[in-house]
Structures are given as C-alpha cells and as structure tokens.
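The block underneath contains the structure these notes are about, expressed in structure tokens.
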Amino acid sequence: MLELRDYLEANKKSDKRYYVPRRREGEPMQVVSVVNFKGGSGKTTTAAHLAQYLALTGHRVLAVDLDPQASLTSLFGIQPELDDTASLYEALRFDDERKSIADVIQPTNIPGLDVVPASLVLQEYEYDVPLAISSKKGEDGRLFYMRIASALKQVDERYDVVVIDCPPQLGYLTITALMASTGILITIHPQMLDIMSMSQFLMMLGGIMGPVAEAGAEMRVQWFRYLITRFEPTDIPQAQMVGFMQSMFAQQMLRNHVLKSTAISDASIKKQTLYEVERGGFVRSTYDRAMESLNAANGEIVDLIHGAWGRK
Ligand SMILES: Nc1ncnc2c1ncn2[C@@H]1O[C@H](COP(=O)(O)OP(=O)(O)OP(=O)(O)O)[C@@H](O)[C@H]1O
Ligand SMILES: [Mg+2]
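Quick look at the structure:
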C-alpha cells in the first residue's frame, strides 16, 4: 500500500486526476460491473484491485460482491459461512423482509472502501425473479432489472463509485447488475477457448439486454472495455490473440493488460491483494512488474470514470 502511495505521489505532479477525484454536484455515481461468464477470467481479482485503487486515490467506494461463491467477500476478510453474513440478497428480495442496502454494508481495512458481502443465499434471486414475474403482482417481477439500481440509489450520497463483482453466469443477478451499470469491464484471459466463450457471452448478452431495453428499461452504460488479465507476453499464442483482439476491437480494449504474476496469486492465497502485501516478501522485479501493470490498467479505468463525469 505504501508503494502505491509513493507511486501516486510521484504522479500527482504530472497528473491532475489525483487532486480532485471525488465527484461534485452534477456528477452521477458511477457503477462499474466486472463480468464474464467464463469462470476464472480474473473478475474478482480485477474488482478487488480496482475498488482498492479507487479508494486509495481518494474516491469513496462501495464494492459489491454479487457472486454467491463470495470470493471477493473473503478476499476482504469476511467469512460468510461462519458469520451468517447478510448479503445484497436482503436488499433485493421480493418479500416483506427486504432491507435497505445500508443495513448490509460493512467497512473494510482500506479507508474509503466499504463492501456489500455475498453469501450462498444470493442464489435465491435466480429462483425468485421468475416466481415474482408469474405471481399475481407481476409488476415487481417484470421490473426485476431495476432492483440493484434502486438499492444503490439509497446510498447515492455516500459513494462516488460502485464496483460490482459478478458471478460467472449470465443469470438474473448479472443482468440486474448490468442494468445498474454506467461502465462494464469484461475480463479476458487470452486463450483461444476463452475468446470463443467471450463471443458466446456477448451474443447471449445482446440477446437478453435487447428485449429488456425494448421493454422500456433505461440503459445507463456509457462505456465498456475488455481487460486482458493474467497476460504472459512471452507466450506467443497469447500475444497473437491479444494482437488479434486489438485489431478487431481497438476502441473497446484497455491499452494496458494485467500481467500474470506469482505476486498476485500468492497474495490471493493469503486473502490479500497486491496493494496489501509487503513488497519485501517478493522478488522485487516480480512485484514491481505486477504493480505497474495493475496501476496502469486501473489508471485507465479511473480516466473512463472521470470522463463519464465530463472531466478531461
Ligand atoms: N494477474 C494474475 N496473476 C496471477 N494469478 C492471477 C491473476 N489474476 C487472477 N489470478 C488467479 O486466478 C484465479 C482466478 O481469478 P479470479 O478469482 O479473479 O477469477 P474470477 O473470474 O473471479 O473467477 P470466478 O469465475 O470463479 O468468479 C485466482 O486464483 C487468482 O488468484
Ligand atoms: Mg470471481
């Protein structure tokens, strides 16, 4: 963390964005969802580092764990199995037990960063939505896709940016998150099979979001970007795949990729991010390369967020 502070300190002089990061009047809360139905594409790692980076650069951040597997939750030091943790489900449910999202928010060890934990109960939402749609008062069900946006509205004053870690499936949870999003990050591990499943994902996404939008839903999305994760530049097929993607989707790709690094995977085994571990615990060049690639990708995302606020 100290190293990130040094890095930011060094950048302050050349980079205006670190002076006034908090949103001002007229700058709407930004909601960034990290998605891909491919398991293990780096969603949780990306969401955790992005949320912490945003907080460490002065933003007020809410990280939302939307995956019933609760990986982000445990990465942030909360054990949902042991603690009987309340999850976002409490704010999404269709019955009278529904709570405000404010009741399920927890602080983290990083100043300026709160989290809404996940737990297995979140999975219930996938069964609740079709039941609600077919129930007598079907209106609530048909407007299911508004539920995360509505929940977040209740804490709009408290946060600048919300980062949502989505589950590896294109179910009602993910659709509801996407409909609340102003920005979408699709994480991709550059192997042929991942790319194939990504295009499948996008086709399904188009197939679902189209009808939802036609049903009158307001789309808030201002940008979407592919983020290459766990990248190994010396792996020729991977490098070729990234080159191919860059030529196909030049506008939609983040320029910086997150490198595959033992520093990141070792940290995650200890339920930490690279921003939390000590630099001294790693080969310095390994740590530095990983940190540089994370900061560069996260910096680009901050620019997109500030861009959505109309800042240069
Ligand atoms: N840049 C990286 N370098 C090395 N290991 C990484 C990197 N990014 C992610 N990993 C490791 O890869 C595994 C999968 O990453 P992660 O959990 O972020 O993926 P995910 O898309 O959230 O998975 P799921 O679909 O199951 O939710 C984890 O063990 C993580 O530590
Ligand atoms: Mg995950």
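Here the sequence shown is numbered in this note's numbering, starting from 1468 and rising by one per residue. Built from N, CA and C at the ideal position, the CB exists for glycine as well. Because the structure is a prediction, the values reported are computed rather than measured.
Let me check you understand the geometry: is the CB of residue 1511 closer than 7 Å to at least one non-hydrogen atom of ligand 2?
yes
What is the DSSP secondary structure of residue 1707, reduced to helix, strand or coil?
helix
Any heavy atom of ligand 2 closer than 7 Å to the Cβ of residue 1534?
yes
DSSP three-state call for residue 1484: helix, strand or coil?
Because residue 1484 carries a pLDDT of 49, less than 50, the predicted location of this residue cannot be relied on, and the following value inherits that uncertainty. DSSP places residue 1484 in helix when its eight states are reduced to three.
Determine, using beta carbons only, whether residue 1625 and residue 1595 come nearer to each other than 8 Å.
no
Assign residue 1732 to buried or exposed, taking buried as 16 or more other Cβ atoms, counted over all protein chains shown, within 10 Å of its Cβ.
exposed
Would you grab the beta carbon distance between residue 1775 and residue 1689 for me? Rounded to a whole angstrom, and I think it's under 8 Å.
5 Å
My understanding is that residue 1749 touches residue 1727, with C-beta atoms under 8 Å, so please give their C-beta distance in whole angstroms.
Residue 1749 to residue 1727, Cβ: 14 Å. No contact.
Rounded to a whole number of angstroms, what is the C-alpha to C-alpha distance between residue 1768 and residue 1632?
15 Å
Are the beta-carbon atoms belonging to residue 1579 and residue 1526 less than 8 Å from one another?
yes
Could you check if residue 1674 is buried or exposed, using at least 16 other CB atoms within 10 Å of its CB as the buried criterion?
exposed
Does DSSP put residue 1574 in a helix, in a strand, or in coil?
strand
Ligand 2 and residue 1581: does any heavy atom of the ligand fall closer than 7 Å to the residue's C-beta?
no
Three or more beta-carbon pairs under 8 Å between the segment 1530-1550 and the segment 1570-1584, yes or no?
yes
Within the continuous alpha helix (DSSP H) that includes residue 1519, where are the two ends?
1510-1523
Are at least three pairs of beta-carbons, each pair with one atom in the segment 1745-1760 and one in the segment 1493-1512, less than 8 Å apart?
no
Please classify residue 1601: is it buried, with 16 or more other beta-carbons within 10 angstroms of its beta-carbon, or exposed?
exposed
From this set, 1758, 1721, 1537, which residue's C-alpha is nearest residue 1587's C-alpha?
1537
If you run the structure through DSSP and keep just helix, strand and coil, what is residue 1693?
strand
To which residues does DSSP link residue 1500 through a beta bridge?
1631, 1651
Do residue 1695 and residue 1647 come within 8 Å of each other at the CB atom, strictly closer than that value?
no
Extent of the continuous beta strand (DSSP E) run through residue 1438:
Because the chain here runs from 1468 to 1779, residue 1438 falls outside it and cannot be looked at.
Any heavy atom of ligand 2 within a distance shorter than 7 Å of the CB on residue 1538?
yes
Sequence-distant residues of the same chain with beta carbon closer than 8 Å to residue 1716, five excluded per side
1693
Under the three-state DSSP convention, the category residue 1424 falls into
Beyond the ends of the chain as shown, which are 1468 and 1779, falls residue 1424; an answer cannot be given.
Is the beta carbon of residue 1661 within less than 7 Å of some heavy atom of ligand 2?
no
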